[in-house]
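Accompanying notes for the structure given below.
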Amino acid sequence: MNTIKIRKATLSDLEAIQNISTQTFIETFAALNTPENIANYIKDSFNSEQLTAELNNANSQFYLASSDNEILGYLKINFGDAQTETINKNALEVHRIYVSQAFHGKNVGQLLIDKVKEIAQQTDVDYIWLGVWEENHRALRFYTKNGFVEFDKHVFTLGNEKQTDLLMQFVIN
């Protein structure tokens, strides 16, 4: 694999974002959830209208990780009122960060989280926060290794199932 590049996505990347979002969501969660719940989440969260609205939101940004014109993973961050929960207006939320299973262990996730930390420093937020499913042990290890600490929990509803997300933060200032 050649050099991994991280670039800010635009509306012209809509189809690529839909594809990598769907692929990585299935890879990450399908084994532990019902096919109906997975399909409904994908239909509701990754449809063209929803992603277009997110791409057009000035307080949301998508970044794509690629190598040799292949999308390896992506990142979505939210600021201000685009955050999925009002915890702190002067925070940066990592709403989504996913890497294609074929590229796990290839430093893609690390480059994406490093990009988040760089953006956080440039935008002078107090901290970065995210929610991660308590059953996603790989992600929990990754965030802990990167200095994130648990500060709360919330319920995430996936279809007809209530799940617990751990809220984790990385303090900047």
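Just so we're aligned, residue 12 is where the sequence shown starts under my numbering, counting upward by one. Note that the Cβ used here is the ideal one computed from N, Cα and C, for glycine as well.
Rank R107, N101, N58 and S78 by C-alpha distance to the C-alpha of I183 and give the top, closest one. When only C-alpha atoms are compared, the closest one is N101.
Runs of beta strand (DSSP E) lying entirely within the region 49 to 99, each at least 3 residues, in chain order: 71 to 78 and 81 to 90
Anyone know if the C-beta pair for H120 and F167 falls short of 8 Å? Here residue 120 is Gly; the residue named in the question, His, does not match the sequence. No, the Cβ-Cβ distance between G120 and F167 is not below 8 Å.
Between G91, D55, S77 and E26, which lies nearest to N118 when the distance is taken from Cα to Cα? S77
What whole-angstrom Cβ distance do I37 and I49 have, given they're in contact under 8 Å? The pair is a contact, with the Cβ atoms about 6 Å apart (cut-off 8 Å).
Take L22 as the anchor and find which of K156, V105, E65 and E47 has the nearest alpha-carbon. E65
Considering only DSSP beta bridges, list what Y138 is partnered with. A102 and V182
Which first and last residues belong to the beta strand (DSSP E) in which K117 is found? Counting along the chain, no beta strand (DSSP E) covers K117, and no H or E run does either.
Compare the C-alpha of E161 against each of S71, R149 and L178 and name the closest. Looking at the Cα atoms, L178 is the closest of the given residues.
Quick check: what's the CA-CA separation for R18 versus N80? 12 Å
So the beta strand (DSSP E) E26 belongs to, where does it begin and stop? Taken as a continuous stretch (DSSP letters only), E26 belongs to no beta strand (DSSP E), being part of the alpha helix (DSSP H) at L25 to F40.
Pick from L43, L25 and A20: whose alpha carbon is nearest that of N147? L43
By the DSSP assignment, the beta strand (DSSP E) with L169 in it spans what residues? V160 to L169
Pairwise C-alpha distance: G142 and K164: 8 Å
Give me the residue from Y52, F181, N67 and T14 with the minimum Cα distance to Q132. F181
Sequence-distant residues of the same chain with beta carbon closer than 7 Å to K173, five excluded per side: V166
Collapsed DSSP secondary structure at E47 in the structure displayed: DSSP places E47 in helix when its eight states are reduced to three.
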